[in-house]
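S.K.:
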Amino acid sequence: MAHYPTRLKTRKTYSWVGRPLLDRKLHYQTYREMCVKTEGCSTEIHIQIGQFVLIEGDDDENPYVAKLLELFEDDSDPPPKKRARVQWFVRFCEVPACKQHLLGRKPGAQEIFWYDYPACDSNINAETIIGLVRVIPLAPKDVVPTNLKNEKTLFVKLSWNEKKFRPLSSKLFAELNKPQERAAKCQKPMGAKSKSAETPSWTPEEHVAKRIESRHSACKSRQTPTHPLTPRARKRLELGSNPQMSQQTSCASLDSPGRIKRKVAFSEITSPSKRSQPDKLQTLSPALKAPEKTRETELSYTENDKKASPERCVILRTRIPASKTIDIREERTLTPISGGQRSSVVPSVILKPENIKKRDAKEVEAQNEATSTPHRIRRKSSVLTMNRIRQQLQFLGNSKSDQEEKEILPAAEISDSSSDEEEASTPPRPRRTPRTVSRNLQSSLKSSLHTPTKVPKKSLKPRTPRCATPQIRSRSLAAQEPASVLEKARLRLHVSAVPESLPCREQEFQDIYNFVESKLLDHTGGCMYISGVPGTGKTATVHEVIRCLQQAAQANDVPPFQYIEVNGMKLTEPHQVYVQILQKLTGQKATANHAAELLAKRFCTRGSPQETTVLLVDEEARLVVLTIANTMDLPERIMMNRVSSRLGLTRMSFQPYTYSQLQQILRSRLKHLKAFEDDAIQLVARKVAALSGDARRCLDICRRATEICEFSQQKPDSPGLVTIAHSMEAVDEMFSSSYIMAIKNSSVLEQSFLRAILAEFRRSGLEEATFQQIYSQHVALCRMEGLPYPTMSETMAVCSRLGSCRLLLVEPSRNDMLLRVRLNVSQDDVLYALKEE
Amino acid sequence: MSSRKSKSNSLIHTECLSQVQRILRERFCHQSPHSNLFGVQVQYKTIQRLGQVPRGREERKFLHLSELLKRTAVHGESNSVLIIGPRGSGKTMLINHALKELMEIEEVSENVLQVHLNGLLQINDKIALKEITRQLNLENVVGDKVFGSFAENLSFLLEALKKGDRISSCPVIFILDEFDLFAYHKNQTLLYNLFDISQSAQTPIAVIGLTCRLYVKIFKEQLSLPAEFPDKVFAEKWNENVQYLSEDRSVQEVLQKHFNISKNLRSLHMLLMLALNRVTASHPCMTAVDLMEASQLCSMDSKANIVHGLSVLEICLIIAMKHLNDIYEEEPFNFQMVYNEFQKFVQRKAHSVYNFEKPVVMKAFEHLQQLELIKPMERTSGNSQREYQLMKLLLDNTQIMNALQKYPNCPTDVRQWATSSLSWL
């Protein structure tokens, strides 16, 4: 690959070409062309909308490829920034390694894939654009040419949606084929394109329908591009969005395919079938996903958007062709109740998108009614949402220019997203680089969760470091990859290697998932107590649930939520919980007490109408608490009554794994790796299940067995297979009593001292004796056997040595002869160990 | 037994001897992993990886440990190892040796960070955290960031450790000496987090705990003495002598006896050190007698030695206490009882022991208490009369009798009285 100089090496200046296209009322100005001058070089590159560009990324050799959809200036924060919206393409190397095989063939050297992943942030800093590139779409039958001289030509044949490769839809193909011409035609296609970029995961048919519709309307809307939009116009614009929302909610609540799907999804977590389903539920512009992105922006419009944004996520859940909505309307007979739930929690009604309905007197009533029942359960009220749909549809009929407004909407969203990019506490960044993708569930979860304010990598704006996070210096030499089968097996058996699925915990997974999901959907809070002995998969299951929910939230099946993980063991004192929660919630730092106050304020002030933060709080105020502990009866035993009564009755206890479950876990980890004999696995599973059922222990033993196998392998050329003998040895090592071993290996004097202890215990019938008593026993024993008996000092030394090994429990030695001695091992064990001699 | 040397060489020999002593003392006192240690391969201890390895494969243990460390360093696999064994069984030496070997591998030496902690030094998690931060040179990263609370430190460090991943981060080897003491820390926060990290795919770390909780290995005593030495002739002589010594029966007996008592390498060093100190210019070679005397020194009963230095009056008091113990079956006694017992003896055998006045006897009694040969049952409070404070004797009958045997110029009456409380009848 060619080396593309990036901004870091050669300074480039970026300037707009042409006049701004949109009015200030929308707070951004769009441009059609940008000029890039490279310092020390006379050439200028003109980049137009619709062209394919290279965007600087992690890898200088393989910069990101994208299609430019829009250029605009974001002046919401003081220095105005040049931004761009793009449709991403991915290179093969950016596809996660574990999924690369899905392509089923060798990729062409210059092949790229249309990135059909709406969650990926498409809003970038325009100054990260390096230059132009040629992208040639190929028909499905075409063969990707190889060995082309021109390295700046790339080929696109398939699309990649993080799940599978698909051929390009014919429409898309046509569009890609003539990017330049379309760009030349300026505004008209622009709207359409930006729209399509937002929702690239449509199925072709829908896509087509949508595009036609939208282009049609785009034409209309852009005919008066310089016409200043009045606030009124904006309202109407929002109105335009409403029908969609209601349609979508209706779909969600009526069909609720997500819920059904999710049950299925567990078995194939890595590839939830949502995307393959008819995409009613998935499309969502990334810009809309951050419910509280613009927290710090003070501009009124962003506040407006911000407040609306949580709803937007719902709004944009699905976009179905207009014909469908009509169907719905015809099918359903609706009773006129207004869906007041959301408006009830939003005090500043004027700013809400759906507040348009205020104008309708009937709806005002309905709203009041709704406010009186703030927590209406949504599923229960699918009828209710249907009513809203109905009302909105009525409006749809009334409003003249709904189509037009609908089309302006994307633009508005863009402005909003561009301004908040910095603060994006969005759901985890879409997987874009191969490295993050290959990470396992837990770590990816962690990375996204522990740094909620993480800036998406794509937005290359310099980030002001809040506090420098330290890092262990990276290694100078790369870690070696496992070479042999055994090494691979060991890697997979390591506790840290999080499996692709969690076998044997389907039921628990489902229960927790349903619990949290219902709370999310109901917008209520709740608490669940999960208990179980260590190593039974509590944490892993909860992490898995959250991960699935986050995916669902991205796909808009459930309302967006924020996830905060606090581990009691990682805290130094209880008060630190407040600090941690606050920091993860907002990124602020405070002392424990102050944090507690802040949190109380944050969660308790719901509904107070003055503060803008309230709305945000409102979304988050629905706390779902999942508690994990090892004790089963913790609520009854330790917690105060008032705490445990609030904890509620939702309990779940994880039973220790049975042997077949452990076996299944091991099998699933070692899938496709022939490193273990079946019997060897079974032996380990049975042994562990009989003792503790701790999966961690089980994995450790297997790992040890591979080591033993490897070691014994060095001598003869035995096959690299862990046999039953190896695992037997590992099990023995793990479970053999170290005390017995210690006694067997202790010195003669130590052993005879232990004998004396036993004799003294038998004599007195107590389990405790003073040193003096034992010493006299000891001397007597020695005399019987005709041995020279040791002096008191020596015996004392022996005693304290045994004590420091914890074979004995002894008092502090200042008591001298009177110190009391107890055995820390059972007498039988001692006898057994001594008899072996 | 020892080869004699001619007097003309005595000057050279003095020099040689001081060198020998220096070399051997260094060997006995410093446990450097570099020196040619006694039976390094043989006596390597069980490495236990949070479970155990059965004994009998000691040579493999060392391999195992270094293999484990190597995997952490090279593959970035997280591991944890617990090395257990009694004091002086070579745990620290083992790990030092393994680390030294690890660091000799080129690709590893620049790739590994080490953190050494000691439970006796880092007595709580807070100090331990600071120490970890210091040893990882993370202070520099933070610049002028002032360390605040313990909680901040913890989250700071955890964040640092979490940020890494298996492939790219530099492995960190944590060596926790006196590991068991870390387990006493409140909530075991540090340990939990270290192990947690070692079990998740973060910065690869190997946690190695050293603790003295258990014994493992039969230690074969080896008495091989120096090899390289400036004066070849002397060295040869010396080694010949050592060879001769090791075949000497009495020496073997001494060593066997010592081995019976303790399989500790350090106690052997102690014994050899004592023997070595007896080597002088006029007595240039170690003899079996030297070793035996050293062994006697080692196994000496400290309390019996104290008894040797007591006055007759004090001895008499101890004997009186012994009788009281016999009569009342280990019940505690007070000064008055002892004094009465003593009076009975003195009245019968007035001629042999001077009848001391009560305050003098009291003084002697207090002296015994100071020597901790007797111990008050309760704390001494100001109010209670000292005469009636309950006491216990911290000497065993056999000890007393043995001490009396060796007691210089002990009056015969006293000796008889000691054997039987009824001897005056």
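Top to bottom, those sequences are chains D and R. The first sequence begins at 1 in the working numbering and counts up one residue at a time. The second sequence begins at 838 in the working numbering and counts up one residue at a time. Ideal Cβ positions, reconstructed from N, Cα and C, are used throughout, including at glycine. Note that the structure is a prediction, hence the values are computed from the model and not measured.
Mapping DSSP to helix, strand and coil, what is E506 (chain D)?
M.R.: Helix.
S.K.: Using DSSP bridges, identify the partner residues of I1211 (chain R).
M.R.: R:L1230, per the DSSP bridge assignment.
S.K.: Just mark H1145 (chain R) as buried or exposed, buried being the case when its beta carbon has 16 or more other beta carbons within 10 Å.
M.R.: Exposed is the call here.
S.K.: With a threshold of 8 Å between beta carbons, is M792 (chain D) in contact with chain R?
M.R.: Yes, its Cβ sits closer than 8 Å to a Cβ of chain R.
S.K.: Note down, in chain order, all residues in the region 1225-1257 of chain R with a beta-carbon under 9 Å from any beta-carbon belonging to chain D.
M.R.: Here the close residues are K1229, L1230, L1231, L1232, D1233, N1234, T1235, Q1236 and N1239.
S.K.: Let me confirm a value: K835 (chain D) is counted as buried when at least 16 other C-beta atoms fall within 10 Å, else exposed. Which label applies?
M.R.: K835 (chain D) comes out exposed.
S.K.: Which chain D residues sit within Cβ distance under 7 Å of N1097 (chain R)?
M.R.: Within 7 Å Cβ-Cβ: S747, V748 and L749.
S.K.: D678 (chain D) CB to nearest chain R CB: under 8 Å?
M.R.: No, D678 (chain D) does not count as interfacial toward chain R.
S.K.: Quickly, what does DSSP pair N123 (chain D) with across the bridge? List them, please.
M.R.: Paired residues: D:R85.
S.K.: Between which two residues does the beta strand (DSSP E) harbouring Q951 (chain R) extend?
M.R.: Element bounds for Q951 (chain R): L950 to N955.
S.K.: Any heavy atom of the ligand GDP within a distance shorter than 7 Å of the CB on D816 (chain D)?
M.R.: Absence of the ligand GDP is noted for the structure shown, with no ligands found whatsoever.
S.K.: To the nearest angstrom, report how far apart A833 (chain D) and P1213 (chain R) are at their CA atoms.
M.R.: A833 (chain D) and P1213 (chain R): Cα-Cα distance of roughly 39 Å.
S.K.: Helix, strand or coil, according to DSSP, for Y739 (chain D) in the structure here?
M.R.: DSSP places Y739 (chain D) in helix when its eight states are reduced to three.
S.K.: Could you name the residues of chain D that S1136 (chain R) contacts, counting a contact when the two beta carbons are closer than 8 Å?
M.R.: Going along chain D in sequence order, the residues near S1136 (chain R) (Cβ under 8 Å) are P790, T791, S793 and E794.
S.K.: Taking the alpha-carbon of V116 (chain D) as reference, which of D:K164, D:M741 and D:N815 has the nearest alpha-carbon?
M.R.: Sequence inspection shows Asp at residue 116 (chain D); the Val mentioned does not correspond to that position. If we check each option's Cα against that of D116 (chain D), D:K164 comes out closest.
S.K.: Less than 8 Å between the C-beta atoms of I701 (chain D) and A725 (chain D), yes or no?
M.R.: Not in contact: I701 (chain D) and A725 (chain D) (Cβ atoms no closer than 8 Å).
S.K.: What residues are listed by DSSP as bridge partners for E111 (chain D)?
M.R.: Paired residues: D:F155.
S.K.: In chain R, which residues lie with their C-beta within 9 Å of the C-beta of S776 (chain D)?
M.R.: Neighbours of S776 (chain D) on chain R, chain order: D1233, N1234 and T1235.
S.K.: Where does G131 (chain D) sit, in a helix, a strand or coil, going by DSSP?
M.R.: Three-state result, G131 (chain D): strand.
S.K.: According to DSSP, is D1292 (chain R) part of a helix, a strand, or is it coil?
M.R.: Nothing in the structure corresponds to residue 1292 (chain R), since chain R is present only between 838 and 1262.
S.K.: First and last residue of the alpha helix (DSSP H) that includes H543 (chain D)?
M.R.: Counting along the chain, the alpha helix (DSSP H) containing H543 (chain D) begins and ends at K538 to Q554.
S.K.: In angstroms with no decimal places, state the Cα-to-Cα distance between H227 (chain D) and T30 (chain D).
M.R.: Because the pLDDT of H227 (chain D) is 43, which lies under 50, any placement of that residue in the model is unreliable, and the number read from its coordinates should be weighed accordingly. Their Cα atoms are separated by approximately 14 Å.
S.K.: Could you please give the first and the last residue of the uninterrupted beta strand (DSSP E) stretch that includes L54 (chain D)?
M.R.: Looking at the DSSP string, the run of the beta strand (DSSP E) that includes L54 (chain D) is F52 to I55.
S.K.: On the DSSP bridge assignment, give the partners of R820 (chain D) in chain order.
M.R.: In DSSP, R820 (chain D) forms a bridge with D:T770.
S.K.: Among all the DSSP beta bridges, which residues are the ones paired with L966 (chain R)?
M.R.: Paired residue(s): none; L966 (chain R) is not in a bridge.
S.K.: Count the other C-beta atoms from every protein chain shown that fall within 10 angstroms of the C-beta of K400 (chain D), then say buried if there are 16 or more, exposed otherwise.
M.R.: Because the pLDDT of K400 (chain D) is 42, which lies under 50, any placement of that residue in the model is unreliable, and the number read from its coordinates should be weighed accordingly. Label assigned to K400 (chain D): exposed.
S.K.: DSSP has L68 (chain D) in a bridge; who is on the other side?
M.R.: D:V86, per the DSSP bridge assignment.
S.K.: One question on the structure: do A1157 (chain R) and F1193 (chain R) come within less than 8 Å of each other, judged by their Cβ atoms?
M.R.: Contact: no.
S.K.: Just to make sure I have the definition right: I need the residues of chain R whose C-beta is within less than 7 Å of the C-beta of V779 (chain D). Which are they?
M.R.: Those within 7 Å of V779 (chain D) in chain R are T1235.
S.K.: Ordered along the chain, which non-local residues of its own chain (more than five positions away) have a Cβ less than 8 Å from that of P656 (chain D)?
M.R.: Cβ neighbours of P656 (chain D) beyond the five flanking positions: G532, V533, T536, A689, S692, G693 and D694.
S.K.: Apart from the five residues just before and just after M741 (chain D), which ones in its own chain have a Cβ nearer than 7 Å to its Cβ?
M.R.: Same-chain partners within the cutoff: there are none.
S.K.: With 16 as the cutoff for other CB atoms within 10 Å, does S418 (chain D) come out buried or exposed?
M.R.: Any reading at S418 (chain D) must be qualified, since the residue scores a pLDDT of 38, below 50, and its modelled position is unreliable; the value itself is stated next. S418 (chain D) comes out buried.
S.K.: What does DSSP give as the partner residues of M652 (chain D) in its beta bridges?
M.R.: Paired residues: D:I530.
S.K.: Going by alpha carbons, who is nearest to P96 (chain D) out of D:I681, D:W160, D:S122 and D:E707?
M.R.: Ranking the options by Cα distance to P96 (chain D), first place goes to D:W160.
S.K.: Judging by CA-CA distance, which residue of R:T1249, R:P1248, R:L1232 and R:D1250 is the nearest neighbour of M792 (chain D)?
M.R.: It is R:L1232 whose Cα lies nearest to the Cα of M792 (chain D).
S.K.: Relative to the alpha-carbon of E175 (chain D), which residue among D:I129, D:H101, D:K67 and D:E73 has its alpha-carbon at the smallest distance?
M.R.: It is D:K67 whose Cα lies nearest to the Cα of E175 (chain D).
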